[in-house]
Each structure stands twice: as C-alpha cells, then as structure tokens.
Amino acid sequence: MVWVAGVDGCKKGWFRASRETGSGELCFHLVERARDLIDIAPRPKVLAIDIPIGLTEAGSRECDLRARVCLGWPRRCSVFPAPIRAALHAASRKEASEIRRRRDGRGVSAQAWGIYKKIGEIDELLRSDTDARRRIREAHPEVCFWSWSGGRAMQASKKTRAGKEERSRLATDWLGSNVLELARGSWLKKHVADDDILDAIATLWTADRVERGTAKTLPAAPPLDSTGLRMEIVY
Numbered sequence: 000m001v002w003v004a005g006v007d008g009c010k011k012g013w014f015r016a017s018r019e020t021g022s023g024e025l026c027f028h029l030v031e032r033a034r035d036l037i038d039i040a041p042r043p044k045v046l047a048i049d050i051p052i053g054l055t056e057a058g059s060r061e062c063d064l065r066a067r068v069c070l071g072w073p074r075r076c077s078v079f080p081a082p083i084r085a086a087l088h089a090a091s092r093k094e095a096s097e098i099r100r101r102r103d104g105r106g107v108s109a110q111a112w113g114i115y116k117k118i119g120e121i122d123e124l125l126r127s128d129t130d131a132r133r134r135i136r137e138a139h140p141e142v143c144f145w146s147w148s149g150g151r152a153m154q155a156s157k158k159t160r161a162g163k164e165e166r167s168r169l170a171t172d173w174l175g176s177n178v179l180e181l182a183r184g185s186w187l188k189k190h191v192a193d194d195d196i197l198d199a200i201a202t203l204w205t206a207d208r209v210e211r212g213t214a215k216t217l218p219a220a221p222p223l224d225s226t227g228l229r230m231e232i233v234y
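Take the sequence shown: its position 80, counting from 1, is numbered 79 in numbering that gives the first Met the number 0, and each next residue is one higher.
Following this line, the structure appears as structure tokens:
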C-alpha cells in the first residue's frame, strides 16, 4: 500500500489529508507537531505541504516569482514572500525586518511573519532528518488549483462562498461528494477552517502527481539553498 498526503497549516497546527493510491482510501488528521505529519500512520511516501522550504540568503525565491506570474491578479497575492534564512528565527517581526533590510532592503509584512514559526518547524525537521527530506515537497494550494483546473487560476478568494464552491467542485469531482464532510469530522472550524481542508486536498492532489511521476516544478530546474534544500513549488 502506498499512501500520499497533502498538508496545510491551520490554527490548531497542521491538517493532513491522506490517500492510498491503489484503493483510493482516505483519512484525515489534525496534528500539533510537524514531526507527526510523517510519523503518524499511515506514513506517506510523498507529502506535499503548503510551506516555504528552501530559503535564500537575500532576495526573492525564483519559485515564488514564477508562481505569481502563473496565478496573475489577484491570486498572485496569496504567494507570501518567503523569509531569508538569516531572519527565520528572529524573536519578533521587528527583528526579522531589521535583519532583512540589512540584507536586501525590504521589511517583513504581518502576513509573512505570521507563518515564520511554522516555516521554522518544517525547516528544523528537514535539516535533521534525511528521510523527511526525501518525502516532503513544497506545494502551494493556489498553484495546485491553477494546474488542476487546466492552467486557470481560481476566480474568487478562498474565504468567500463563491471561492469555496469553486475549489470544492474540484475536490468532490476527484474524491466524492461527501469528501468535505468526511474531512471535517468532529473538528471545530475555529481549529481548522474549511479553506484549510480544501488547501490540504489541493496539495494532496499534487502529492498524488508526484508519486505517479506527472508533477512539474517551478522553476523546472530548482536550485538548492545553502543547506541543500530545494527552492521549488511542485504542482
């Protein structure tokens, strides 16, 4: 049995959607530790996660710039600037901005700062575990949806009713009409929002493509960062 998984961050931690590639069996987990994403059964062979992985020493990552071009306006705004490595473990947004301004003249937005802790979690896991490094790939849900819909970016924000319906159609066409109810289970929306679930399903779609050998990356030949991590977005 070969399992693949897609992951999105949420208020309670991480939401993981998993699928067995042969039978199509599905299961869902809400975990607090990044380590659990690959340790809790069923252990995925491929895990696609919505979090920046490889980081630059200064300046933007090429994968983010290419993703914004693919998505166009206004979905391009969903691709937040990844931290530079020197600022990743700053104690505050102010400190992170000061470090970044010294390196490339830019500060750190509140939205970008909001995911620094989660980026650090995954970075620590990948740098300390070669098996995790083999299994975990970076994806971006809006790029996944763009590819899934034939190179057409989602028209509405994921936070709107229209945006939820637009993304849900792709999910239910692939996994069945009850997939969102199944994924929701007994978890509260204050812990994991509907758009977190849909984003995890989008990255699951990409993990399945990675396992089947049909996935592509932005850029086509991803560079490595100073620690050997790929700077890519897979879709």
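Quick reminder that beta carbons are idealized off the backbone N, C-alpha and C, glycines included.
Worksheet entry | Distance CB(Leu46)-CB(Gly5) smaller than 9 angstroms | Locating residue 46 in the sequence shown gives position 47, where the first residue counts as 1. Locating residue 5 in the sequence shown gives position 6, where the first residue counts as 1. Closer than 9 angstroms, so yes.
Worksheet entry | Every unbroken alpha helix (DSSP H) within the region 28 to 76, with a cutoff of 4 residues, ordered by chain | 35 to 38 and 61 to 70
Discussion item. So, for Ser156: in the same chain, excluding its five sequence neighbours on each side, which residues have a beta-carbon less than 7 angstroms away from its beta-carbon?
Written reply: In the sequence shown, residue 156 corresponds to position 157, counting from 1. Closer than 7 angstroms at Cβ, skipping near neighbours: Gly162.
Worksheet item: Whose CA, out of Arg74, Gly175, Ala86 and Leu203, lies closest to the CA of Ala111?
Response: Working through the sequence shown from its first residue, we reach residue 111 at position 112. For Ala111, the nearest C-alpha among the options comes from Ala86.
Worksheet entry | DSSP state of Ala4 mapped onto helix, strand, coil | Translated into positions along the sequence shown, residue 4 becomes position 5. Looking at Ala4 - three-state DSSP - the assignment turns out to be strand.
Worksheet item: From this set, Gly175, Lys158, Arg160 and Glu165, which residue's C-alpha is nearest Ala152's C-alpha?
Response: Here residue 152 corresponds to residue number 153 of the sequence shown, with the count starting at 1. Ala152 has its Cα closest to that of Glu165, out of Gly175, Lys158, Arg160 and Glu165.
Worksheet item: What do you reckon, are the CB atoms on Gly104 and Asp49 nearer than 9 angstroms?
Response: Reading the sequence shown from its first residue, position 105 is the one you call residue 104. Reading the sequence shown from its first residue, position 50 is the one you call residue 49. Not in contact: Gly104 and Asp49 (Cβ atoms no closer than 9 angstroms).
Worksheet item: According to the Cβ coordinates, are Ala81 and Asp63 closer than 9 angstroms?
Response: Locating residue 81 in the sequence shown gives position 82, counting from the first residue. Locating residue 63 in the sequence shown gives position 64, counting from the first residue. It is a contact, given that the beta carbons lie within the stated cut-off.
Worksheet item: Is Gly85 helix, strand or coil when you go by DSSP?
Response: On the sequence shown, residue 85 is found 86 positions in, with the first residue counted as 1. This sequence places Ala at residue 85; Gly is not what is there. Helix.
Worksheet item: Who are the Cβ neighbours of Leu179 in its own chain at under 8 angstroms, not counting the five residues just before and after it?
Response: Reading the sequence shown from its first residue, position 180 is the one you call residue 179. Ser167, Ala170, Thr171, Asp193, Ile196 and Leu197.
Item to complete: Using three-state DSSP, classify Glu13 as helix, strand or coil.
Response: Counted from its first residue, the sequence shown places residue 13 at position 14. Position check: residue 13 holds Trp in this sequence, whereas Glu was assumed. DSSP places Trp13 in strand when its eight states are reduced to three.
Worksheet item: Based on the DSSP secondary-structure assignment, which residues constitute the bridge partners of Ile135?
Response: In the sequence shown, residue 135 corresponds to position 136, counting from 1. For Ile135, which the question treats as bridged, DSSP gives the partners Leu46.
Worksheet item: For the putative contact between Ser96 and Tyr234, defined by C-beta atoms under 8 angstroms, what is the C-beta separation to the nearest angstrom?
Response: Numbered from 1 along the sequence shown, position 97 holds the residue referred to as residue 96. Numbered from 1 along the sequence shown, position 235 holds the residue referred to as residue 234. Not a contact, Cβ separation roughly 30 angstroms.
Worksheet item: Between the Cα of Ile52 and the Cα atoms of Ala131, Arg100, Met0 and Arg75, which residue gives the shortest distance?
Response: For the purposes of this step, residue 52 is taken as the residue at position 53 of the sequence shown. The candidate whose alpha carbon is nearest that of Ile52 is Ala131.
Worksheet item: Rounded to the nearest angstrom, how far is the Cβ of Arg15 from that of Phe27, given a contact under 8 angstroms?
Response: Taking the first residue of the sequence shown as position 1, residue 15 is located at position 16. Taking the first residue of the sequence shown as position 1, residue 27 is located at position 28. Contact holds; Cβ gap of about 7 angstroms.
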